[in-house]
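J.:
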Amino acid sequence: MIHLQKIEKSFALEGGRSWVLRNVDLHVGEGEFVSVMGPSGAGKSSLLNVLGLMDHDWQGSYALDGVVVDALNGKQRQALQREKIGFIFQHYHLIDDLKVWENLDLPLRYRDVPARERASRVADLLDRFQIVGKKDLYPGQLSGGQQQLVAVARAVITRPKILLADEPTGALHSSQARIIMDLLAELHGEGMTIVQVTHNEGYAAEAQRIVRLRDGWIEKVEL
Amino acid sequence: MNAILHEMRDAGRGLLAKPGFSILVVAVLASGLACVLFMMVIIQGLVIRPLPFPAPEQLLHIGFLKTDRAGRLSGVGTHDLLAWQQRLHEVADVAAYQQQTINLSDGNRAERYAGASISSNLLRVLGVPAQLGRTFADADGKPGAETTVILSDAVWRQRYNADPAIIGRLIRMNAESARIIGVMPADFSYPSREMLWTPARLDPGEAREGDDDWVVVARLHAAAGMPLLRTALDSWYADAKAAAPRYFEMRSVGIEPLAEQIISRNTRKTFKVMMIAVVLVLLVACANAANLILSRTLARRQELAVRSALGASRMRLAVHLLSQSLLLSLIAAAVALPLGWAAADWVDRVFRGSEEGPPHWMHFGVDAQLLGFTVLAALLTGLLTGILPALRAGSDVNTTLRDDSRSVAGGAFARVSRGLVVGEVAVSCVLLVAAAVMLRGIDQFESADFGIRTGNLLTARVGLSESKFPGADAQLAVFDRLVDKLRSEPGIIDAAVGTTLPGLLASDRRVLRDGASPDDAQTVVYSGSIDDRFASTYELTLEEGRFFDASDRADSPPVAVVDRTFAEKLGNGESVLGRRFRLDPDNAEGALVTVVGVIRRLQLDDLDDPVRPALLRPLRQQPERFVSLAMRTEADPLSFAPRFSEILREVEPDTPAYWVRSYDQVMREATFGEHILARLFLVFAAISLFLAGAGLYGVIAFSVRQRTREIGVRRALGAPTRRVLLDLLARSAWQICLGLVIGLVLAWPFARALISSLNGFSADDPQVYLLVLGILVLAALIAILIPARRALRVDPLVALRHE
Numbered sequence: 002m003i004h005l006q007k008i009e010k011s012f013a014l015e016g017g018r019s020w021v022l023r024n025v026d027l028h029v030g031e032g033e034f035v036s037v038m039g040p041s042g043a044g045k046s047s048l049l050n051v052l053g054l055m056d057h058d059w060q061g062s063y064a065l066d067g068v069v070v071d072a073l074n075g076k077q078r079q080a081l082q083r084e085k086i087g088f089i090f091q092h093y094h095l096i097d098d099l100k101v102w103e104n105l106d107l108p109l110r111y112r113d114v115p116a117r118e119r120a121s122r123v124a125d126l127l128d129r130f131q132i133v134g135k136k137d138l139y140p141g142q143l144s145g146g147q148q149q150l151v152a153v154a155r156a157v158i159t160r161p162k163i164l165l166a167d168e169p170t171g172a173l174h175s176s177q178a179r180i181i182m183d184l185l186a187e188l189h190g191e192g193m194t195i196v197q198v199t200h201n202e203g204y205a206a207e208a209q210r211i212v213r214l215r216d217g218w219i220e221k222v223e224l
Numbered sequence: 165m166n167a168i169l170h171e172m173r174d175a176g177r178g179l180l181a182k183p184g185f186s187i188l189v190v191a192v193l194a195s196g197l198a199c200v201l202f203m204m205v206i207i208q209g210l211v212i213r214p215l216p217f218p219a220p221e222q223l224l225h226i227g228f229l230k231t232d233r234a235g236r237l238s239g240v241g242t243h244d245l246l247a248w249q250q251r252l253h254e255v256a257d258v259a260a261y262q263q264q265t266i267n268l269s270d271g272n273r274a275e276r277y278a279g280a281s282i283s284s285n286l287l288r289v290l291g292v293p294a295q296l297g298r299t300f301a302d303a304d305g306k307p308g309a310e311t312t313v314i315l316s317d318a319v320w321r322q323r324y325n326a327d328p329a330i331i332g333r334l335i336r337m338n339a340e341s342a343r344i345i346g347v348m349p350a351d352f353s354y355p356s357r358e359m360l361w362t363p364a365r366l367d368p369g370e371a372r373e374g375d376d377d378w379v380v381v382a383r384l385h386a387a388a389g390m391p392l393l394r395t396a397l398d399s400w401y402a403d404a405k406a407a408a409p410r411y412f413e414m415r416s417v418g419i420e421p422l423a424e425q426i427i428s429r430n431t432r433k434t435f436k437v438m439m440i441a442v443v444l445v446l447l448v449a450c451a452n453a454a455n456l457i458l459s460r461t462l463a464r465r466q467e468l469a470v471r472s473a474l475g476a477s478r479m480r481l482a483v484h485l486l487s488q489s490l491l492l493s494l495i496a497a498a499v500a501l502p503l504g505w506a507a508a509d510w511v512d513r514v515f516r517g518s519e520e521g522p523p524h525w526m527h528f529g530v531d532a533q534l535l536g537f538t539v540l541a542a543l544l545t546g547l548l549t550g551i552l553p554a555l556r557a558g559s560d561v562n563t564t565l566r567d568d569s570r571s572v573a574g575g576a577f578a579r580v581s582r583g584l585v586v587g588e589v590a591v592s593c594v595l596l597v598a599a600a601v602m603l604r605g606i607d608q609f610e611s612a613d614f615g616i617r618t619g620n621l622l623t624a625r626v627g628l629s630e631s632k633f634p635g636a637d638a639q640l641a642v643f644d645r646l647v648d649k650l651r652s653e654p655g656i657i658d659a660a661v662g663t664t665l666p667g668l669l670a671s672d673r674r675v676l677r678d679g680a681s682p683d684d685a686q687t688v689v690y691s692g693s694i695d696d697r698f699a700s701t702y703e704l705t706l707e708e709g710r711f712f713d714a715s716d717r718a719d720s721p722p723v724a725v726v727d728r729t730f731a732e733k734l735g736n737g738e739s740v741l742g743r744r745f746r747l748d749p750d751n752a753e754g755a756l757v758t759v760v761g762v763i764r765r766l767q768l769d770d771l772d773d774p775v776r777p778a779l780l781r782p783l784r785q786q787p788e789r790f791v792s793l794a795m796r797t798e799a800d801p802l803s804f805a806p807r808f809s810e811i812l813r814e815v816e817p818d819t820p821a822y823w824v825r826s827y828d829q830v831m832r833e834a835t836f837g838e839h840i841l842a843r844l845f846l847v848f849a850a851i852s853l854f855l856a857g858a859g860l861y862g863v864i865a866f867s868v869r870q871r872t873r874e875i876g877v878r879r880a881l882g883a884p885t886r887r888v889l890l891d892l893l894a895r896s897a898w899q900i901c902l903g904l905v906i907g908l909v910l911a912w913p914f915a916r917a918l919i920s921s922l923n924g925f926s927a928d929d930p931q932v933y934l935l936v937l938g939i940l941v942l943a944a945l946i947a948i949l950i951p952a953r954r955a956l957r958v959d960p961l962v963a964l965r966h967e
């Protein structure tokens with residue numbers, strides 16, 4: 002599903018370059034669940050940005066579900082991202098002015114999904130994530146765990162092949178974090194490819210592989 | 165389309181979620197739009213809306229262009245009017261009018277009306293039929309025809325209770341009998357606010373040297389064009405000049421659209437400058453709103469980045485942000501509409517209450533065209549304010565989603581924001597200078613020295629009917645009786661009559677030293693005829709010789725009293741006392757007057773007319789039947805007005821007085837246009853100053869908020885308050901300085917253009933510029949210090965925790 006070869010990313014600084022990613026080779030198979038770990042500044046978020054097609058300023062080769070990303074222009078990259086990828090952020094990043102159901106509806110609107118189908122998919126997810134009762138509330142009226150639950154629902158509503166989660170439990174206390182991790186496991190069980198960045202060894206271990214980064218290099222891959 | 169609607173709805177909800185921000189932006193944009201709308205209402209009423217006559221583009225004003233009248237067309241004499249009617253009849257119908265005062269004294273009340281003596285074809289040329297009866301036929305203008313009159317709808321309703329059987333009735337007009345033949349439609353008045361029309365009797369035998377009193381209106385035949393008319397006029401001019409070379413030495417023929425005769429080119433130019441001014445106000449408002457929206461966009465950058473990560477394209481985000489600014493500007497337009505309307509209504513009411521206002525048929529209101537204009541202006545405003553945030557939408561997505569990205573995005577936005585503030589300060593500077601120049605000019609007008617004592621003076625105008633009082637002796641006798649009666653009244657110190665009202669009314673005449681060749685340069689002076697009490701009533705200051713007295717009879721040698729300007733200009737360094745001057749040297753009957761007195765400088769005509777010498781003649785030697793009365797009172801002059809009307813009725817019941825006003829009121833009327841202009845500019849400048857101040861405040865407040873942590877660190881490290889404040893001031897100083905420099909460079913030519921059509925105004929007074937600089941610097945200091953002090957009041961520990 003994901004094939005990174007010799008990915009490098011750096012910033013020009015006075016007196017030399019600052020390397021963010023060095024010679025990264027990473028292959029994630031379809032339906033695989035991978036955790037990325039490492040200390041601050043190791044390049045975890047940068048790697049996630051490259052994987053999520055939000056960053057295109059890098060060298061190397063990247064193929065996503067058979068599509069060679071480095072050959073795409075901006076528009077094509079965005080189209081590919083819309084089709085294949087869903088994001089979960091540490092700070093949920095729900096839209097404060099939109100109700101829960103509207104937050105779920107938004108990615109579908111951006112993909113010009115017809116209204117009837119949008120309504121049906123939103124209703125499905127509200128049921129599945131057991132947040133029907135919250136559908137008319139605004140994010141500010143939800144707890145952190147509930148907000149992250151909505152954020153996960155929003156990430157998967159477009160039925161992406163890959164789910165990228167940047168410290169999805171980082172801002173949650175343990176019981177809420179547990180619910181989110183169970184949800185990720187469930188999605189993985191349904192065949193979704195998941196890459197999560199986390200600082201929590203326990204949650205990292207729930208994935209099939211742990212990729213450890215240090216100073217932009219892949220230090221080791223644990224099975 | 166669906167997507168756009170969705171973004172619009174989303175944007176609307178976002179605005180509702182931040183009511184404070186939305187109200188602020190709407191207020192800012194509405195103030196700018198209201199200014200533009202108000203100005204458009206005025207300009208459309210005065211300039212754009214066509215004359216209310218059929219095929220108005222065919223209507224022209226033809227007149228003489230005199231070399232000393234700076235491009236303004238003047239009237240023509242009967243001789244030339246008749247010649248034009250004859251020579252131009254194949255290309256145009258030529259009509260004419262003279263404004264006149266008409267007194268109606270039928271029934272038991274005498275009333276004075278503004279009226280016009282019109283050629284019998286004028287109403288046909290304008291294309292306006294009567295609503296009742298008929299307009300004039302050619303026979304009505306023939307010598308010996310019965311005196312007839314046409315009433316306005318207002319006179320018909322107010323004086324004759326809309327009597328449907330009014331046609332054919334005989335009434336008493338100017339103390340003689342006249343037959344009503346028609347009533348004009350409700351909205352009709354022409355040339356300005358006239359309410360009665362009488363047919364002119366044009367005498368073909370009249371000499372060319374008579375007064376140039378006829379204003380000529382022509383309707384170009386549909387088949388003819390301007391070149392044909394021009395050729396016909398040129399051909400007439402060549403013949404006329406060959407026949408009377410001296411008369412036409414300083415005259416040529418000019419043509420202009422009739423609309424330009426009503427609203428002169430100078431006035432149109434002033435409106436153009438004002439339009440530029442209000443567009444500048446709108447630009448300041450746009451810059452301000454753009455700044456506010458930029459700040460808001462900056463605060464929303466994470467949300468926008470999330471939308472982008474969720475699949476929103478940059479175009480979609482741009483549409484989202486543009487929807488927001490468009491929505492705000494449309495709401496602002498909805499607020500601006502009633503505001504602009506109310507302001508225009510105020511001007512309309514002021515105009516209608518003044519004698520200097522435009523004709524009654526000019527209306528000021530918001531029609532479908534202006535509504536469309538407002539919506540367009542609002543959309544344009546929305547685009548202007550939203551384009552910057554929209555262009556930056558969706559950039560820096562990956563960095564924005566990280567928590568440490570605040571300063572990165574802030575830097576780019578802040579640069580744009582600071583640039584906008586520079587523009588706001590510059591434009592405010594331009595508008596403030598313009599307003600200050602106008603106010604200074606008005607102040608100089610009001611404190612001007614006319615050469616008279618202005619306090620406690622009641623003035624009025626009366627015109628005796630020629631038919632009731634034929635000849636100068638009968639007219640002078642009425643004036644003498646009136647003045648004597650007034651002077652015997654308690655509370656009246658003195659009273660006088662004269663054809664002139666200093667500072668407002670005078671006639672201009674040409675003067676030549678006795679003995680000079682008729683070909684020598686003639687001096688144009690302001691002149692008036694006065695009685696023996698004029699000097700004491702107005703308290704003129706005699707410098708040499710004497711005032712007029714009983715010895716200056718109609719049949720004694722012609723005499724004159726002149727002012728210091730006259731003496732300096734025509735005395736060649738010697739006293740003019742006892743010297744003789746020829747009045748109207750081109751006229752064979754021009755009097756040869758001997759100067760018997762010299763007074764201090766006297767301003768006879770409007771202050772916005774050129775400064776010229778003054779020459780006064782005894783009313784007995786140069787009689788007129790229209791005079792201005794002046795009464796020096798002991799108490800408030802207006803309190804004597806009712807008693808004055810009673811005395812006039814006792815002395816002459818057929819003659820009403822009009823323009824009964826204190827001299828202070830007269831002066832206010834005289835500077836009416838300038839007052840309105842200055843007041844409007846003051847409003848524009850105040851709005852602009854407020855907007856610039858608010859803009860500066862917004863930018864500084866935002867920047868201070870961004871730097872709260874840094875300020876906390878500095879203070880924790882021991883930086884004194886004064887040092888932090890100075891640092892904040894220094895960071896903003898360059899924006900203000902740059903804005904002021906640009907503003908001052910632009911203000912001078914702008915102010916000069918504004919006052920170019922107003923005499924007596926100057927854009928070169930350095931005090932004006934210093935004052936504006938002071939005001940703007942003060943406003944800027946306040947705008948900076950308020951947020952800065954607020955940031956400094958925050959505990960350093962709290963500031964350090966600030967995200």
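Residue numbers (the working numbering), protein chains in the order written: chain D, 2 to 224; chain P, 165 to 967.
The C-beta atom is built at its ideal place from N, Cα and C for all residues, glycine as well.
Computed from a predicted structure; not experimentally measured.
#1: My output table needs one value for D/Phe12: the three-state DSSP class, helix, strand or coil.
#2: For D/Gly30, which option in D/Gly192, D/Leu126 and D/Ala120 has the closest C-alpha, if you only look at C-alpha atoms?
#3: Quickly, what does DSSP pair P/Val675 with across the bridge? List them, please.
#4: Between the Cα of P/Leu169 and those of P/Leu485, P/Leu846 and P/Ala274, spot the shortest distance and give me the residue it belongs to.
#5: Once DSSP output is grouped into helix, strand and coil, what is the label at P/Ile616?
#6: Starting from P/Pro368 and walking both ways along the alpha helix (DSSP H), at which residues does that stretch end?
#7: Would you list, in sequence order, the uninterrupted alpha helix (DSSP H) runs of no fewer than 4 residues that lie entirely inside the segment 377–433 of chain P?
#8: Compute the Euclidean distance between the alpha carbons of P/Arg323 and P/Arg333, then round it to the nearest angstrom.
#9: If you count every other CB in all the chains shown that lies within 10 Å of the CB of D/Gly44, and 16 or more means buried, which is it?
#10: Counting along the chain, where does the alpha helix (DSSP H) carrying P/Ala955 start and finish?
#11: Is D/Asp128 close to chain P? Criterion is C-beta to C-beta, closer than 8 Å.
#12: Under 8 Å between beta-carbons, which chain P residues line up against D/Ile96? List them in chain order, please.
#13: Taking Cβ positions only, does P/Gly550 come closer than 8 Å to chain D?
#14: With 16 as the cutoff for other CB atoms within 10 Å, does P/Phe914 come out buried or exposed?
#15: In chain order, what residues of the segment 475–488 of chain P put their CB closer than 8 Å to some CB of chain D?
#16: Helix or strand or just coil, what does DSSP make of D/Trp59?
#17: Are the segment 496–509 of chain P and the segment 190–209 of chain P touching by the rule of at least three beta carbon pairs closer than 8 Å?
#18: With 16 as the cutoff for other CB atoms within 10 Å, does D/Ala72 come out buried or exposed?
#19: Put P/Asp351 into one of helix, strand or coil per three-state DSSP.
#20: Could you give the first and the last residue of the continuous beta strand (DSSP E) run that contains P/Tyr277?
#21: Take the Cβ of P/Ala175 as the centre, count every other Cβ of all protein chains shown within 10 Å, and call the residue buried at 16 or more, exposed below.
#22: Can you give me the start and stop residues for the beta strand (DSSP E) that P/Gln322 sits inside?
#23: Ignore the nearest five residues each way along the sequence and tell me which others in P/Met439's own chain have a CB closer than 7 Å to its CB.
#24: Identify which residue in P/Ala590, P/Val313, P/Arg895 and P/Gln263 has its Cα closest to the Cα of P/Tyr933.
#25: Throw me the rounded Cβ distance for the P/Thr689 and P/Pro777 pair, which I believe falls under 8 Å.
#26: Anything in chain D within Cβ reach of P/His839, meaning under 7 Å, just list it in chain order.
#27: Which term fits P/Asp658, buried or exposed, when burial requires 16 or more other beta carbons within 10 angstroms of its beta carbon?
#28: Comparing the C-beta of D/Arg117 with each C-beta of chain P, is any distance below 8 Å?
T.: This is what the structure holds:
#1: strand
#2: D/Gly192
#3: In the DSSP assignment, P/Val675 forms a beta bridge with P/Thr687 and P/Leu747.
#4: P/Leu485
#5: coil
#6: Note, P/Pro368: premise wrong, no alpha helix (DSSP H); not H, not E.
#7: Annotation note: the segment 377–433 of chain P contains the following uninterrupted alpha helix (DSSP H) runs of length 4 or greater, listed N- to C-terminal: 390–407 and 422–426.
#8: 13 Å
#9: The C-beta of D/Gly44 has 16 or more other C-beta atoms within 10 Å across all chains shown, which makes the residue buried.
#10: Pro930 to Arg957
#11: no
#12: Glu467, Val470 and Arg471
#13: no
#14: Taking all protein chains in view, the Cβ of P/Phe914 is crowded by 16 or more other Cβ atoms within 10 Å, so the residue is classified as buried.
#15: Of all residues in the segment 475–488 of chain P, Gly475, Ala476, Ser477 and Arg480 have a Cβ within less than 8 Å of some Cβ in chain D.
#16: coil
#17: yes
#18: Counting other Cβ atoms within 10 Å of its Cβ, D/Ala72 stays below 16 and is therefore classed as exposed.
#19: coil
#20: Glu275 to Ile282
#21: buried
#22: No beta strand (DSSP E) contains P/Gln322, which is instead part of the alpha helix (DSSP H) from Asp317 to Gln322.
#23: Shown here for P/Met439: same chain residues with a beta carbon closer than 7 Å to its own, the five before and five after excluded, namely Met203 and Ile207 in chain order.
#24: P/Ala590
#25: The question names Thr, but residue 689 of chain P in the sequence shown is Val. Their Cβ separation, rounded to whole angstroms, is 4 Å, which keeps P/Val689 and P/Pro777 in contact under 8 Å.
#26: Correct list: empty, because the minimum Cβ distance to chain D is about 49 Å.
#27: Buried.
#28: No, no contact with chain P.
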